[in-house]
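K.L.:
Dumping the structure here so I can ask a few things about it.
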Amino acid sequence: MTTMSTVNAMTEKDLNRNVRKARQQVSQNEDLIFEKSSPGKAAWKLAPLDVPEVDSAALLGAIERTDLGNMPEVSEIEIIRHFTRLSTWNYAIDLGMYPLGSCTMKYNARVNEAVARLDGMANAHPYQPESISQGALRVMKILSDCLIEITGMDTITLQPAAGAHGEFTGLLLVRAYLESQGNPRKKVLIPDSAHGTNPATAATIGYQVQQVASNSSGMLDPAAIEAAMNEDVAAIMVTNPNTIGVFESDIAKIADIMHAKGGLLYMDGANMNALVGKARPGDFGVDVMHLNLHKTFSTPHGGGGPGSGPVACKKILEPFLPTPVVVERPDGSLTLNYDRPQSIGRVRAYYGNFGMFVRALAYILANGPDGLRQTTEDAVLNANYIRKGLDGYYDLHYTGQSMHEVVFSDKRQAKLGVKTMDIAKRLIDYGFHPFTTAFPLIVPGALMIEPTESESREELDLFIDAMRCIAKEVDESPEVVTDAPHNTRVSRMDETAAARKPVLRWTPS
Amino acid sequence: MTTMSTVNAMTEKDLNRNVRKARQQVSQNEDLIFEKSSPGKAAWKLAPLDVPEVDSAALLGAIERTDLGNMPEVSEIEIIRHFTRLSTWNYAIDLGMYPLGSCTMKYNARVNEAVARLDGMANAHPYQPESISQGALRVMKILSDCLIEITGMDTITLQPAAGAHGEFTGLLLVRAYLESQGNPRKKVLIPDSAHGTNPATAATIGYQVQQVASNSSGMLDPAAIEAAMNEDVAAIMVTNPNTIGVFESDIAKIADIMHAKGGLLYMDGANMNALVGKARPGDFGVDVMHLNLHKTFSTPHGGGGPGSGPVACKKILEPFLPTPVVVERPDGSLTLNYDRPQSIGRVRAYYGNFGMFVRALAYILANGPDGLRQTTEDAVLNANYIRKGLDGYYDLHYTGQSMHEVVFSDKRQAKLGVKTMDIAKRLIDYGFHPFTTAFPLIVPGALMIEPTESESREELDLFIDAMRCIAKEVDESPEVVTDAPHNTRVSRMDETAAARKPVLRWTPS
Amino acid sequence: MRYLPKSDSDRHAMLAEVGVSSIDDLFSCIPAEYRLQRDLTVPRQMAESEIVQWFAERSRENAEGLTFMLGAGAYHHYRPIVIDALVQRGEFLTSYTPYQAEIAQGTLQAIFEFQTMICELTGMEVANASMYDASTAAIEAIMMAERVTGRSGAIVARSVHPEHREVIATYAKYQGVPVSEVNFIENGRVDVKALEEALAQSKVACVLIQSPNFFGTIEDVAAIADVTHKAGALLAVSITEAISLGIIKPPAEADIVTMEAQSFGVPLAFGGPYCGVMATREKFVRQMPGRLAGQAYDKQGRRGFVLTLATREQHIRREKATSNICTNQALVALMATIFMTVYGKIGLRELAKQNLAKAAYAAETSGKSAEVLFPGAPRFHEFVIRTKADPVEIREKLLKKKIVGGLPLAKYYPELGNASLWCATETTSRAAMDAAAEAIR
Amino acid sequence: MRYLPKSDSDRHAMLAEVGVSSIDDLFSCIPAEYRLQRDLTVPRQMAESEIVQWFAERSRENAEGLTFMLGAGAYHHYRPIVIDALVQRGEFLTSYTPYQAEIAQGTLQAIFEFQTMICELTGMEVANASMYDASTAAIEAIMMAERVTGRSGAIVARSVHPEHREVIATYAKYQGVPVSEVNFIENGRVDVKALEEALAQSKVACVLIQSPNFFGTIEDVAAIADVTHKAGALLAVSITEAISLGIIKPPAEADIVTMEAQSFGVPLAFGGPYCGVMATREKFVRQMPGRLAGQAYDKQGRRGFVLTLATREQHIRREKATSNICTNQALVALMATIFMTVYGKIGLRELAKQNLAKAAYAAETSGKSAEVLFPGAPRFHEFVIRTKADPVEIREKLLKKKIVGGLPLAKYYPELGNASLWCATETTSRAAMDAAAEAIR
Ligand SMILES: Cc1ncc(COP(=O)(O)O)c(C=O)c1O
Ligand SMILES: Cc1ncc(COP(=O)(O)O)c(C=O)c1O
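Top to bottom, those sequences are chains A, B, C and D.
According to numbering that gives the first Met the number 0, the first sequence is numbered sequentially starting from 0.
According to numbering that gives the first Met the number 0, the second sequence is numbered sequentially starting from 0.
According to numbering that gives the first Met the number 0, the third sequence is numbered sequentially starting from 0.
According to numbering that gives the first Met the number 0, the fourth sequence is numbered sequentially starting from 0.
Encoded structure:
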């Protein structure tokens, strides 16, 4: 076993002796844009004004602004270089596998970007007359129809801006429905394996969160739910396949339990990449669910967003959908219907992240029924291939049959002082983005791995090889792992110090 | 002074202690696309055929091809990753300064790319009727007018595809003209400081090359030219400013010498970035010259091309211009005129690299007269700033007043066994692209540095600092320099072995 | 399927490696009765060329090449080309939330720059990495004010964008947040007196106004802040036209500023994705929703950036989080960052000034044949006119000239009669404005 | 000027550093009488928005949304979106010729892949990194054949693209290269007998043919190679429609293959930039013009690529170089490489087959009311018809339907009468072909 100082003395070559997927390359430094600014540089130019100039001081008086403080002044080439250099510091799907569990980092086809930028799509104003919005409405209608079919539900709203926003909308539908039945109820059941947005959303709507423990297999326990269920409970929020990547085989039974006592079954659709074309939530008892177009339907993550979180639901919830709703007129043209007296109201301005609808629909059209099914099959195959490849190297906390993702734990490595985050960081040296480490909470030290369908066997083999090498390093020289990453332009940041005295903006020194 | 083995033992940190502009970052490996291919993968799909299928065997018989050999079979995401990964191995203007002397690596504005991709520009067929080509012809006409004005010449052809092709075209004009005068003559005078394309072109046209020696200042010597000039000489090819970046102040005198004996003055316009808006070759006696739109007029180099090499000339040469020529009809519409009996003929199919015309014109419109002049001034200022900054560190072989570029020599460093190419390679570690080393031949071990106007003072300071640090390294630990680059994903390639037994294509192993 | 990097023989080999005989074995965990035994009824698989053609047809159905005199919270401005050139780089487009700082410094530094610029423009001390849009940012501001003040409820100006008020109503209803409205006076501004009285009656957490408001009128923020703060409430100011900050003083008296950054280089895209902004005072930062990038250093002392103060967020704090927001509008915020960088300190002001001039001209020419409402208070680039003709008819008339006219307001403010809301930006030509004035006649 | 990264104070500071008092001091080396004392007479500096608008207007003057039944060496094929997404990455777009291999491996590997694919498709052993276009590649092939054979002159088929023959004439004239032409027979193919006779008469270095030829007819390359080789000359085959290689056997009997790769994903762009290709046998490589990428290894034994065999080139060999070519069509070759990668082994064949089917249909429908010339020899996707009406009129008629009809041939082949050259590709809809057949009637 090497010691800390040995690591320091190890040459780059030694450190990277097993790294097959990456090397190091010169990488440009770049200051903050404010540090490059100087008065008189400019990247802008306006067309000459074709109307009379105005005296802004006279028009605006005291509220006129004359100074924009520290806003930058730079030229166009400096902007191109600034953001190009910054971009080269990022990992991306376009560069390699992104095995973030629960995030479904799949290929983002460039045709989606191209069609979203067509004049009539990109430059359509949300309030332009419907007579010149038929193309946009058609996109919304066909996407809605496709998503309804894919989920097996009865109806849908595209308005929510992301998954969490969809959860909010979906739970509001539940609440409005129950209220219309006389009692909105008080609680929402949430498994301990759930993503953080589930409890956070329930709280936002004013529901108390009652956590339900997973059973020893990490699965929902119908008996426990039965026990927790009563007339105070509005709904249960289930992720299926769940966050350990396993299909909740008792899902229909759980639906029955909920329905028997007047509650509803909400499904977090983050893991729909395991089901599209193979099984439909509407068929196994789900009443309402959200989809993440930025996961399952390939719209790009963009460094954190934008997303889109449509909510599909059963007929009983339809009257409560947010306004407006796209409907077809007898002549086949489309219109936005605002006249929905029981609606929960709007959850955001306009109609949702329309640009993402275009991209998601382009994805569906590129796939068709056969492609969608094949995609799901490949996603599940890939996860199982990784599971097989890493079995014996990492501890499988729960052994249920994996679907689109597999969750290991750092149990073996933790004994040697190496945590999931260390392994994640070392994976960076091997040319990969790490897996998800932050959850599910039911797996201590989780390594949550979701390859998606977008990885070739070659890339998976490199990943498995890297993970095995790291397992070996943990045995032989754990400091190499706990000290990682070594090959990046910055090493681990002191996050504690950053949070203790947060510096959240640049100020001139 | 460190020894070779010391270099090997130096840590990355030691090696890069003075490097301010760059660090190292993980960089993805990537095999050849053929090595990623496997039967059954596909990135293509055709729309269903809307006409009857054909029996290709019946139609084509023995010439039907049924097997495309080792052409790759890969999916779309693999293509995106393949070329994205490859791209990250390149340096580029978008990443930083590209001080290649004679190459004018300036900012390539993105608006140029956008307008070149407009439907009517990108999808215009060269043989579509003129009635629906007026936009394209207008672009050619206005660009021609601008370039004529900028060069101070009388007329122009946009047909040549690059600088060397322009030289060819220009010399052909000379030849055709002289021929029309009764004698095409035999020789072309070319200074020893000229770019390799000049003699190569003259040879292509069947002219003998007579080299004229530069004087002790690296300048053309009117007396030497006078001596060389006679009725056998068709023309002299002068680069102005010349390849050491100095304005040939005797240029008008040289024109007179040539004209007096019936010869012509050809100017290689590669260095027009020193003159635009400040001086016009047509005014100082040039008869014919080419421009490089991919240098002076900002069309992107694209890893080696495409370029565009318009040839501007005086009235006497106009009858000989390649066909067709854009002319304006009385009604203001534009037409292509093919009826030019004295024309040298075509130098390529269609009308030239039209896409580059669009970009170059967009550049001119973005600048206007004031911007073009300021651009030239900044380019010259930048070169002089570097000259000042490196004076005393590197040997200035010729001390004439620099315009847009400055040429040092490795004289001092060569004494310590370090050559210009070593310094160039070490500059890579410092986050820069090297300067030009291959020429001018009149400067032994040339460091030919052209910053262009696109560099900020900050970037120039980093460059000067890097060059000074390297000069110091040459003194203190030359092996660090002769062994460079150290920070790249590959180190120096064995070019000799590569040329001895060339492997010019992949073959399955 | 052309996105899938596998041949059938890869699949077979992998199945063998996994130890199953067919792919369906991997789906056997799904009870048989729920396994779909048929093709989904979605359109057949298309070639890329067909997809492009299909959307191009939809695009044409949507009409192309329009001039907009329509704003109402979504504005047509020129988008510098560099924006799309840069945000389409795969390293930005296809990267995830920058949790792994060592390979996400590009996104992190860009967010830090975004936060800084938003602070500079709004006069606030901290800004987050983005919210979904201005409407959800507004309700988050109210909820945040509740956390900060420990009070409940808000008074919202009726001159706030009607759809934003609808969103607030939706959120408020189910959370038991009492929300009341305060009306505007003849000059289009908030009725400060009425606000003062309402504040006296109920100890609300927050007053929410919009400036420039829905009518394009700039509010007297200082006066409103005064009465609000006297009553112990926080003032949240919503800005739906970010360009206005180029020439109008930021609402520095506010406690929270929310904003729609769509005008900063984001396509109209039929209403989204846009970019919500939230900025506030440093002392409130721990009650703020959303992601924050902060400066940090690595072991070698190199500066970098990380997502910080995550204990506010759902993935750490779950039901006790400040908000449930997770995915935000990162790439759109990057567009805005690039836009702000292009125009910068001087250009943003000049741009805003052109907008001011264009709208002044448009209002003046329209005013010759229609009544310009809300006189006596300054406007930015929108204005309301009352016409003899039904605004819907005027719209139809103008559409023939490819001009999209003002928004009829009857639906939102029936009391204003034949009123419509018009907008002029640097993209609105004088010819279009003259045509509009003509159509109004 | 917004591209220039300097403020005036930067300029002043730099001038001071350089030690001059004004910028004009740096231009004092230019004799005063040649210093321009006025503004250039070029259009005024425009805003980016104006530039976009100006070119959009030119684009519309050019007509948009056309269907092409016009080829003649420049073909309208669908361009996969990934091409522009990738070639616009700054690292490809804004990099120089890859002389510095350590920071140009991306470009170098891509060239190596291009060379390999061209070899695979053409049946040759080596290919260079690109030539300007097919026309200049053709004359370079002739000059190369002269170097290889030590002979002079060429026989060129009259069915070679007329403009290519013009280019050959231009080059040949001033180099004293004797060039003669060989005619075609009724089936559109080269008159092999006449060729044989011509070869017997003069010991030329090269025979140049095109296949598919200008009429779309596929030549009998084997037969031509036979007579050519017997006469001791080299056979150069030019291919102007690269897609044809998907379904037509490569001219493996040739000694040099030149090609226009425009069909491989390159925009029509009113005639350029396109991508000339040159491929040949390994034994001739040192006589080949243009850049070559070759495999190499670094000290650590890592595989990479370099520009190699540079001693053929002008920057080393000057007037003794194999050609004066320097800048080539690199980025366009990259487009072609990506296109070939997208379609690949199977897709290229299927694509070619669709083209074949489309053209067969078009010829058949047109043939109902016009005479299809050159029967009896196989065609790819172009065909010549002789009509009653003047082809120029037919063109005008079709243009109203946004269809660009066939090229009138009178200018090039007056003996063919009212002949015109038509083309159908995978982008030509049946509706367009039916409309064309209608117009011919
Ligand atoms: C299981 C699960 N639920 C919900 C969410 C929240 O979705 P969003 O980030 O789109 O708001 C996520 C996102 O990571 C998730 O993985
Ligand atoms: C001085 C000079 N002349 C001619 C050329 C040749 O131009 P091109 O590469 O466009 O053919 C160059 C190119 O580097 C050059 O620098």
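All residues carry an ideal CB built from backbone N, CA and C; glycine is no exception.
1) I'd like to know whether the C-beta of A:E77 is nearer than 8 Å to at least one C-beta of chain D.
2) DSSP puts C:G275 in a beta bridge; with which residues?
3) How many angstroms separate the CA atom of A:E29 from the CA atom of B:S453?
4) Name, please, each residue of chain C whose Cβ falls closer than 7 Å to the Cβ of A:G370.
5) Answer with yes or no whether the minimum CB distance from D:N323 to chain B is below 8 Å.
6) Return the Cβ separation of D:F91 and B:G302 in integer angstroms, given the expectation that the two are a contact with Cβ distance under 8 Å.
7) Name, please, each residue of chain D whose Cβ falls closer than 7 Å to the Cβ of B:P198.
8) Answer yes or no: does any C-beta atom of chain B fall closer than 8 Å to that of D:A435?
9) Since I believe C:E252 is in contact with C:A221 (beta carbons under 8 Å), could you give me their beta-carbon distance rounded to a whole number of angstroms?
10) How about D:K401 and D:L39: do their beta carbons lie closer than 8 Å?
11) Do A:V53 and C:A356 have their CB atoms nearer than 8 Å?
12) So with CB distances below 9 Å, who are the chain A contacts of B:Q158?
13) By DSSP, does C:Q353 sit in helix, in strand, or in coil?
14) Taking the C-alpha atoms as reference points, what is the distance between C:P288 and C:F382?
15) Between the stretch 467 to 477 of chain A and the stretch 381 to 399 of chain A, can you find at least three pairs of beta-carbon atoms closer than 8 Å?
16) Strictly below 8 Å CB to CB, what residues from chain A border B:E457?
17) Output yes or no for whether 8 Å exceeds the beta carbon distance between B:A348 and D:G72.
18) Extract the residue ranges of the alpha helix (DSSP H) inside the stretch 179 to 227 of chain B, only unbroken runs of 4 or more that lie entirely within it.
19) Does the separation of the CB atoms of B:V18 and B:Y393 fall below 8 Å?
20) Go ahead and pull the three-state DSSP assignment for D:L234.
21) In the structure shown, what three-state DSSP assignment does B:Q373 receive?
22) In chain A, what lies closer than 7 Å to C:E165 by C-beta?
23) Assuming B:N111 is part of the alpha helix (DSSP H), what are its boundary residues?
24) Just to check, is the beta-carbon of A:H194 closer than 7 Å to a non-hydrogen atom of ligand 1?
25) Taking 7 Å as the cut-off, is the beta-carbon of B:A269 closer than that to any non-hydrogen atom of ligand 2?
26) Spell out whether any CB of chain B is found under 8 Å from the CB atom of A:T374.
27) I'd like to know whether the C-beta of A:P507 is nearer than 8 Å to at least one C-beta of chain D.
28) Looking only at its own chain, which residues have a Cβ that is under 7 Å from the Cβ of B:T375, when we skip the five neighbours before and after it?
29) Can a CB atom of chain D be found closer than 8 Å to the CB of B:D118?
30) Less than 8 Å between CB atoms is the rule here; does D:D132 satisfy it with respect to chain B?
P.N.:
Per the coordinate set shown:
1) Here residue 77 of chain A refers to the residue found at position 78 when the first sequence is read from its first residue. Yes, A:E77 counts as interfacial toward chain D.
2) The count along the third sequence starts at 1 and reaches residue 275 of chain C at position 276. DSSP output for C:G275 lists C:M130, C:E259 as bridge partner(s).
3) Position 30 of the first sequence, counted from the first residue, corresponds to residue 29 of chain A. Position 454 of the second sequence, counted from the first residue, corresponds to residue 453 of chain B. Roughly 17 Å between the two C-alpha positions.
4) For the purposes of this step, residue 370 of chain A is identified with residue 371 of the first sequence, where counting begins at 1. Those within 7 Å of A:G370 in chain C are M0, Q44.
5) Counting from 1 along the fourth sequence, the entry for residue 323 of chain D is found at position 324. Closer than 8 Å to some Cβ of chain B, the Cβ of D:N323 qualifies, so yes.
6) As a position in the fourth sequence, residue 91 of chain D is number 92, starting the count at 1. As a position in the second sequence, residue 302 of chain B is number 303, starting the count at 1. Going by Cβ atoms, the distance from D:F91 to B:G302 rounds to 6 Å, so yes, they are a contact pair.
7) As a first step, residue 198 of chain B must be located in the second sequence, where it is residue number 199. Those within 7 Å of B:P198 in chain D are R317, E318.
8) Within the fourth sequence, numbered from 1, the residue matching residue 435 of chain D stands at position 436. Cβ-Cβ to chain B under 8 Å: no for D:A435.
9) In the third sequence, residue 221 of chain C corresponds to position 222, counting from 1. In the third sequence, residue 252 of chain C corresponds to position 253, counting from 1. Confirmed, about 5 Å.
10) Within the fourth sequence, the letter at position 402 stands for residue 401 of chain D. Within the fourth sequence, the letter at position 40 stands for residue 39 of chain D. Not closer than 8 Å, so no.
11) Working through the first sequence from its first residue, we reach residue 53 of chain A at position 54. Working through the third sequence from its first residue, we reach residue 356 of chain C at position 357. A contact, by the Cβ cut-off of 8 Å.
12) The residue labelled residue 158 of chain B in the question sits at position 159 within the second sequence. Residues of chain A passing the Cβ test: none, with the nearest at roughly 31 Å.
13) Working through the third sequence from its first residue, we reach residue 353 of chain C at position 354. Of the three classes helix, strand and coil, the one that applies to C:Q353 here is helix, per DSSP.
14) The sequence position of residue 288 of chain C within the third sequence is 289, counting from 1. The sequence position of residue 382 of chain C within the third sequence is 383, counting from 1. Each residue's alpha carbon lies about 33 Å from the other.
15) Under the Cβ criterion (8 Å, minimum of three pairs), the stretch 381 to 399 of chain A counts as touching the stretch 467 to 477 of chain A.
16) Start at 1 with the first residue of the second sequence, and residue 457 of chain B comes out as number 458. Ordered by position in chain A, the residues that pass the 8 Å Cβ test against B:E457 are K35.
17) In the second sequence, counting from the first residue as 1, residue 348 of chain B sits at position 349. In the fourth sequence, counting from the first residue as 1, residue 72 of chain D sits at position 73. In contact: B:A348 and D:G72 (Cβ atoms closer than 8 Å).
18) 196 to 203, 221 to 227
19) Here the question's residue 18 of chain B lines up with position 19 in the second sequence. Here the question's residue 393 of chain B lines up with position 394 in the second sequence. Contact flag unset, no.
20) The count along the fourth sequence starts at 1 and reaches residue 234 of chain D at position 235. Strand at D:L234.
21) In the second sequence, residue 373 of chain B corresponds to position 374, counting from 1. Looking at B:Q373 - three-state DSSP - the assignment turns out to be helix.
22) By 1-based counting over the third sequence, the position of residue 165 of chain C is 166. Neighbours of C:E165 on chain A, chain order: G344, R345.
23) Sequence index remark: in the second sequence, residue 111 of chain B carries index 112 (1-based). It spans 109 to 115 - the alpha helix (DSSP H) in which B:N111 sits, taken as one unbroken run.
24) Against the first sequence, residue 194 of chain A aligns to sequence position 195. Flag set: Cβ of A:H194 near ligand 1.
25) On the second sequence, residue 269 of chain B is found 270 positions in, with the first residue counted as 1. The answer is yes for B:A269.
26) Along the first sequence, read from residue 1 onward, the residue named residue 374 of chain A stands at position 375. It does not: the Cβ of A:T374 has no partner Cβ on chain B nearer than 8 Å.
27) As a working note, residue 507 of chain A is residue 508 in the first sequence. No, its Cβ sits nowhere closer than 8 Å to a Cβ of chain D.
28) The count along the second sequence starts at 1 and reaches residue 375 of chain B at position 376. Contacts found: N272, A273, L274, V275, G276, K277.
29) Here residue 118 of chain B refers to the residue found at position 119 when the second sequence is read from its first residue. Answer yes: the Cβ-Cβ gap between B:D118 and chain D drops below 8 Å somewhere.
30) Counting from one through the fourth sequence, the residue named residue 132 of chain D turns up at place 133. Closer than 8 Å to some Cβ of chain B, the Cβ of D:D132 qualifies, so yes.
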